[in-house]
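This report concerns only the one structure given below.
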Amino acid sequence: MPTKSSQHLPLPLPDTASPLRPELWLNRFAALGPDFHTELAPQGMPQPLWVARSEACAAELGWPADWWQRADWNALQVLSGNAAWPGMRSLASVYSGHQFGVWAGQLGDGRAHLLGELATPSGSQELQLKGGGATPYSRRGDGRAVLRSSIREFLCSEAMHALGIPSTRALALTASALPVRRESLETAAIVTRVAPSFLRFGHFEHFAHHQKPDQLRQLADHFIAEHAPACRESGQPYAALLEQVARQTGALLAQWQAVGFCHGVMNTDNMSMLGLTIDYGPFGFLDGFNPGHICNHSDHQGRYAFARQPSVGFWNLHALAQALLPLIQNEGEDPEAASERALDAIEPYKQAFSDRFTALMRAKLGLQQAREEDTALIDDWLRLLAATQVDYTIAHRRLSRLALNEDPALLRDLFLDRAAFDAWALRYRERLQAEASVDSERSRRMLALNPAVVLRNHLAEGAIRAAQAGDFSETQRLLAVLQRPCDEPALASDADFPPDWAQTLEVSCSS
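Counting in the working numbering, the sequence shown runs from 1 upward without gaps.
Below, the structure is given as structure tokens:
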């Protein structure tokens, strides 16, 4: 059971949250002690500049619209690692994990600095700088992030949130002329990330692998107290915790698959205990629907191909279950019984994924009633898209405007096999008629769900190239478009097919 000291009482949250109020910095992860992290300040960037800010994220923190301009806040310097607000305790945490299915040993925040945990009107939130320089966990790296990858993470964090997909948030992006060596010489940048917690599967794997049961229990009790209090009421709180994570992860993976999002590097150290999308590196949204698509150029074996993501999520939960097994096993209990209980705890992942995915796809097709034949209709639609790799986002957008009594020429034109499309469309129309679907109502629902714009690689690349030339306006413009993904954009090209040159773009773990 959680220790008495870890059973934190709910804290009153402020109406407004100023980071200058030291009493609002809770720093409860920092209070766990040096076994869990190293306290150190980030290494700042010289002469930083604002690249972009998310006013939506700032508003959820309870900050005023002019937060970034306030002289007393000194936000540009703080979020570039050059200064600190009163009450902050900056640290880098230690964790381990499996990378590409292989145990990688000790990892940790190699280029991330947790500034602290801040009480806000929307709940306590941790603020983290990504790219703030070397830490004890950098593994010979420089701890820096480059402008290219930072723009991608900043935009995608906010795009995913706008799509309704659980994600870490991005508050701000700052940059500097500080040179950083990757495949070529680039410049440095720092993303300010926001989340209720940045704890990952790998945090628990670390203490289990190093046979530190006291620290493992302390971390689990901390997480239950802060983020899973209902688990305390269970006779098996750690198994209940595992089941909660399994259900959240299943729902998250269903949302990824339904929107066509590829994470690219689903290592256990990149899996959030809160079921958030975390660590945007070699991600990508599908253009043509190819279930075998590998968005990470470094993934030579295709472990993290789009269609494999759900099974990888379950594999990662097995790794977490193994890590929590010492806590799940009761004193004197047969190890096999405890192992069986741990496996039972992650089994709900499958149902959570299946139920959420089917519900999402049914909604994407405009179906309101649940019928037995829907699974086959959905599966055949996806097979139809995959047969000639039809553009996933555009197909669903055009489907949203399909009328029962009109020729679906615009949608049919996406398919090379017109006969196969016509056969499926006939079944689809019959299914809509069976629930007396009304064209205008259905279209309104579908257009509010099926995005017009997702962060395709070529859109991100346009913002990156402009920023590298000193023009940050495209990053801020694209952010505004992505924060309203289901609205028709002012620039039609934002919602159009990718240009031919986009086929040559590659992203890898260095991205």
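Glycine residues also receive a C-beta, built at the ideal position from the N, C-alpha and C atoms. Keep in mind the model is a prediction, meaning the values are calculated, not measured.
Burial state of residue i (16 or more Cβ within 10 Å)
{"i": "lysine 364", "result": "buried"}
{"i": "glutamate 372", "result": "exposed"}
{"i": "serine 176", "result": "buried"}
{"i": "alanine 31", "result": "exposed"}
{"i": "proline 451", "result": "buried"}
{"i": "glutamine 128", "result": "buried"}
{"i": "threonine 16", "result": "exposed"}
{"i": "histidine 300", "result": "exposed"}
{"i": "serine 197", "result": "buried"}
{"i": "threonine 504", "result": "exposed"}
{"i": "alanine 490", "result": "exposed"}
{"i": "asparagine 267", "result": "buried"}
{"i": "tryptophan 103", "result": "exposed"}
{"i": "glutamine 369", "result": "exposed"}
{"i": "glycine 284", "result": "buried"}
{"i": "glutamate 205", "result": "buried"}
{"i": "serine 150", "result": "buried"}
{"i": "alanine 492", "result": "exposed"}
Same chain only: Cβ atoms within 6 Å of residue i, ignoring 5 sequence neighbours per side
{"i": "arginine 442", "result": "Gly366"}
{"i": "proline 179", "result": "Leu185"}
{"i": "arginine 152", "result": "Ala460"}
{"i": "arginine 53", "result": "Trp68, Ala172"}
{"i": "alanine 188", "result": "Met45, Arg144, Ser176, Leu178, Val180"}
{"i": "aspartate 35", "result": "Gln215"}
Rounded C-alpha distance that separates residue i from residue j
{"i": "arginine 412", "j": "arginine 383", "result": "15 Å"}
{"i": "histidine 318", "j": "tryptophan 67", "result": "43 Å"}
{"i": "tyrosine 349", "j": "leucine 274", "result": "14 Å"}
{"i": "asparagine 296", "j": "glutamine 433", "result": "42 Å"}
{"i": "methionine 361", "j": "serine 437", "result": "16 Å"}
{"i": "arginine 356", "j": "alanine 71", "result": "46 Å"}
{"i": "leucine 118", "j": "leucine 91", "result": "14 Å"}
{"i": "alanine 58", "j": "alanine 463", "result": "22 Å"}
{"i": "cysteine 486", "j": "glutamine 468", "result": "29 Å"}
{"i": "glutamate 336", "j": "valine 51", "result": "54 Å"}
{"i": "aspartate 269", "j": "leucine 402", "result": "43 Å"}
{"i": "glycine 302", "j": "leucine 253", "result": "18 Å"}
{"i": "alanine 208", "j": "leucine 20", "result": "38 Å"}
{"i": "leucine 399", "j": "alanine 480", "result": "25 Å"}
{"i": "threonine 135", "j": "histidine 37", "result": "10 Å"}
{"i": "arginine 429", "j": "glutamate 435", "result": "10 Å"}
{"i": "arginine 477", "j": "glutamate 55", "result": "13 Å"}
{"i": "tryptophan 256", "j": "leucine 410", "result": "27 Å"}
{"i": "valine 194", "j": "proline 408", "result": "44 Å"}
Contacting residues, own chain, Cβ-Cβ under 7 Å from residue i (five flanking each side not counted)
{"i": "arginine 139", "result": "Gly110"}
{"i": "leucine 416", "result": "Thr388"}
{"i": "methionine 1", "result": "The predicted model places methionine 1 with a pLDDT of 32, which falls under 50 and marks its position as unreliable; any figure quoted below should be read in that light. Here the set comprises Pro237."}
{"i": "leucine 482", "result": "Leu155, Glu158, Ala159, Ala162, Val453, Leu455"}
{"i": "proline 291", "result": "Phe306, Ala307, Ala386"}
{"i": "leucine 447", "result": "Ser400, Cys486"}
heavy atom of the ligand NAP below 7 Å from residue i C-beta
{"i": "alanine 134", "result": "Ligands are entirely absent from the displayed structure, and the ligand NAP is therefore not among its contents."}
Residue nearest to residue i in terms of C-alpha spacing, selected from the options
{"i": "alanine 251", "options": "Ser272, His227, Gly264, Val481", "result": "Ser272"}
{"i": "arginine 427", "options": "Ala337, Leu377, Ile464, Ala409", "result": "Leu377"}
{"i": "asparagine 27", "options": "His203, Gln125, Asp494", "result": "Gln125"}
{"i": "alanine 170", "options": "Leu61, Arg217, Glu205, Val245", "result": "Leu61"}
{"i": "alanine 530", "options": "His227, Asp374, Ser493, Ala84", "result": "Nothing in the structure corresponds to residue 530, since the chain is present only between 1 and 511."}
{"i": "alanine 395", "options": "Thr135, Asp496, His458", "result": "Asp496"}
{"i": "arginine 181", "options": "Glu205, Ile224, Ala145", "result": "Ala145"}
{"i": "glycine 87", "options": "Ala189, Gly116, Pro34", "result": "Gly116"}
{"i": "proline 22", "options": "Ser149, Glu39, Trp73", "result": "Trp73"}
{"i": "glycine 281", "options": "Leu147, Ser339, Gly332, Ala195", "result": "Leu147"}
{"i": "leucine 276", "options": "Ser18, Val94, Glu430, Arg200", "result": "Arg200"}
{"i": "valine 78", "options": "Ser440, Gly132, Leu478", "result": "Gly132"}
{"i": "alanine 246", "options": "Gln351, Thr375, His203", "result": "Gln351"}
{"i": "phenylalanine 223", "options": "Leu324, Gly313, Phe283", "result": "Leu324"}
{"i": "histidine 293", "options": "Glu506, Glu406, Gly108", "result": "Glu506"}
{"i": "glutamine 322", "options": "Gly33, Ala409, Asp35, Gly97", "result": "Gly97"}
{"i": "arginine 445", "options": "Arg397, Glu406, Pro408, His210", "result": "Arg397"}
{"i": "glutamine 218", "options": "Pro326, Arg484, Glu243", "result": "Pro326"}
Beta-carbon contacts of residue i that lie in its chain and below 8 Å, excluding the five residues immediately before and after
{"i": "arginine 341", "result": "Gln236, Ala239, Ile328"}
{"i": "alanine 502", "result": "Asp287, Arg456, Asn457, His458, Glu461"}
{"i": "aspartate 500", "result": "none"}
{"i": "arginine 418", "result": "Arg412"}
{"i": "aspartate 422", "result": "Arg412"}
{"i": "arginine 484", "result": "Ala162"}
Chain B within 8 Å of residue i, Cβ atoms only
{"i": "alanine 452", "result": "Going by chain labels, chain B is absent from the structure shown, which holds only one protein chain."}
**Message:** Below 8 Å, how does it come out for the stretch 161–177 and the stretch 227–247: are there three or more Cβ pairs, yes or no?
**Reply:** With a cut-off of 8 Å, the stretch 227–247 and the stretch 161–177 do not count as touching, because too few Cβ pairs lie within range.
**Asked** Okay, do the stretch 253–262 and the stretch 306–321 touch, 3+ Cβ pairs below 8 Å being the bar?
**Response** They touch, by the three-pair rule.
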